[in-house]
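Visitor: I'd like to ask some things about the structure below.
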Amino acid sequence: VPISATTTSAPSISGQTVTLVTHDSFWVSEGTLREFTAETGVEVVLQRLGDTGQMVASAILTAGDPLGDVMFGVDNTFLQRALDAGLFEAYEPPAISGVPAALDLDPLHRVTPIDFGDVCVNYWIDRFGDGLAAPTSLSDLADPAYADMLVVQNPETSSPGLAFLLATIAEFGDGWEDYWSALRRNGVVVTSGWEDAYYGEFVSGGGDRPIVVSYASSPPAEVIYADPPVDTPPTGVITDTCFRQIEFAGILAGTGHRDAAEALVDFL
Numbered sequence: 021v022p023i024s025a026t027t028t029s030a031p032s033i034s035g036q037t038v039t040l041v042t043h044d045s046f047w048v049s050e051g052t053l054r055e056f057t058a059e060t061g062v063e064v065v066l067q068r069l070g071d072t073g074q075m076v077a078s079a080i081l082t083a084g085d086p087l088g089d090v091m092f093g094v095d096n097t098f099l100q101r102a103l104d105a106g107l108f109e110a111y112e113p114p115a116i117s118g119v120p121a122a123l124d125l126d127p128l129h130r131v132t133p134i135d136f137g138d139v140c141v142n143y144w145i146d147r148f149g150d151g152l153a154a155p156t157s158l159s160d161l162a163d164p165a166y167a168d169m170l171v172v173q174n175p176e177t178s179s180p181g182l183a184f185l186l187a188t189i190a191e192f193g194d195g196w197e198d199y200w201s202a203l204r205r206n207g208v209v210v211t212s213g214w215e216d217a218y219y220g221e222f223v224s225g226g227g228d229r230p231i232v233v234s235y236a237s238s239p240p241a242e243v244i245y246a247d248p249p250v251d252t253p254p255t256g257v258i259t260d261t262c263f264r265q266i267e268f269a270g271i272l273a274g275t276g277h278r279d280a281a282e283a284l285v286d287f288l
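Residue 21 is where the sequence shown starts when you use this note's numbering, and the numbers rise one by one after that.
So this is what it looks like as structure tokens:
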């Protein structure tokens, strides 16, 4: 869910090129970036660095001599790690006053909230029915009835993976490790990132796993991007498993294009 879409034009930056460091799941239409270039004269080059955890780790290794000018996609699960490493220069966009306080997590304005959504367990509807109902809770995922059905992402490298881990900690408290031991006994598969899970192991991508950690927006996306077209989503969401994810953008410390980077953050 986008939070704002405001940009501040600065004629002096026209002709510059900025590099936007982001994760592999970042998607934006070419027309959107062309709109930014038309408004500012600044070209944008995308630098994708794996899933969110891999992106943050790469940025930490190059802190002070960044791989780009702006980072998009660090979320609330990896944010503290990025802030502790000093990855960002402070910047307070003009439109930040219109952002709900619950989404603006850094009082020093080193990052700006851009969008939010919910990480949730999804399931393939046709795999469940009279013989076995779809799971409805985190506890169900450890039930032997759902053995060898779940695929999740590594919380060390993947933001949805870490969000799912945090959801289990919130649900089970001190018993979260026992829960994960139960998932392991139940045949959970762990992938490095979301794409490997959703388009590799999950039924949607041709795999054999009917349960996956993904997003609340995944079922409508299945309809929007279906080829051939479909009228109803083939997937459902287990709402009791959801974790709110907020994604941020920040100007990378050491950028050589500070003004252009500010304009890009404003635009995002």
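Where is the CB? At the ideal position from N, CA and C, for every residue including glycine. Predicted, not measured: the structure shown is a model, and the values here were computed from it.
Exposed or buried, what is A165 when buried is set at 16 or more other beta-carbons lying within 10 Å of its beta-carbon?
Guide: Its Cβ having fewer than 16 others within 10 Å, A165 is exposed.
Visitor: Quick check: the Cα distance between V285 and L69, rounded to an integer number of angstroms?
Guide: 19 angstroms
Visitor: Give me the residue from E59, E267, A283 with the minimum Cα distance to V131.
Guide: E267
Visitor: Suppose contacts are defined by Cβ-Cβ distances below 8 angstroms. Is F46 in contact with A269 by that definition?
Guide: no
Visitor: Would you call the CB atoms of L203 and L272 closer than 8 angstroms?
Guide: No, these two residues do not count as a Cβ contact at 8 angstroms.
Visitor: Can you say whether T275 is buried or exposed, counting buried as having 16 or more other CB atoms within 10 angstroms of its CB?
Guide: buried
Visitor: For V90, which residues does DSSP report across the bridge?
Guide: L40, I271
Visitor: If distances are taken between C-alpha atoms only, which option among T252, Y218, W214 comes closest to S178?
Guide: The residue with the shortest Cα to Cα distance from S178 is W214.
Visitor: I'd like the span of the beta strand (DSSP E) that includes E63, first residue to last.
Guide: 63-68
Visitor: Taking the continuous beta strand (DSSP E) assigned at V139, which residues delimit it?
Guide: 132-144
Visitor: Let me confirm a value: E112 is counted as buried when at least 16 other C-beta atoms fall within 10 Å, else exposed. Which label applies?
Guide: exposed
Visitor: Is there contact between the stretch 230-237 and the stretch 47-61, where contact requires at least three CB pairs shorter than 8 angstroms?
Guide: no
Visitor: Taking 7 angstroms as the limit between beta carbons, can you name the residues of its chain near G149, skipping five residues before and five after?
Guide: Result list for G149: empty, nothing under 7 angstroms.
Visitor: Leaving out the 5 sequence neighbours to the left and right, which residues in its chain are closer than 6 angstroms to S29 when beta-carbon positions are compared?
Guide: Bear in mind that a pLDDT of 47 at S29, under 50, signals an unreliable position, so the number given afterwards is only what the model happens to contain. Excluding sequence neighbours, S29 sits near E59, T60.
Visitor: Under a three-way DSSP split, which group does A30 fall into?
Guide: At A30 the pLDDT is 46, less than 50, meaning the model places this residue with poor confidence and gives no usable figure here.
Visitor: Can you tell me whether DSSP reads T52 as helix, strand or coil?
Guide: helix
Visitor: What residue from V94, L81, L53 has the CA that sits closest to D44's CA?
Guide: V94
Visitor: What's the C-alpha gap between S234 and W200?
Guide: 18 angstroms
Visitor: Quick one: using the 10 Å Cβ neighbour count with 16 as the cut-off for buried, is Y245 buried or exposed?
Guide: exposed
Visitor: Verify whether the separation of the beta carbon atoms of V171 and V139 is less than 8 angstroms.
Guide: It is not a contact, given that the beta carbons lie outside the stated cut-off.
Visitor: Grouping DSSP H, G and I as helix and E and B as strand, with all else coil, what is L170?
Guide: strand
Visitor: Fully enclosed by the stretch 159-230, which beta strand (DSSP E) runs are 3 residues long or longer?
Guide: 170-173, 209-211
Visitor: Considering only their Cβ atoms, is the gap separating V41 from G88 smaller than 8 angstroms?
Guide: Yes, Cβ-Cβ distance for G88 and V41 is below 8 angstroms.
Visitor: On the criterion of 16 or more Cβ atoms from any shown chain inside 10 Å, does A167 qualify as buried, or is it exposed?
Guide: exposed
Visitor: Tell me which same chain residues have a C-beta within less than 6 angstroms of the C-beta of Q265, skipping the five on either side of it?
Guide: If the five residues before and after Q265 are omitted, its C-beta is found closer than 6 angstroms to the C-beta atoms of D95, G137, V139, A183, all from its own chain and listed in chain order.
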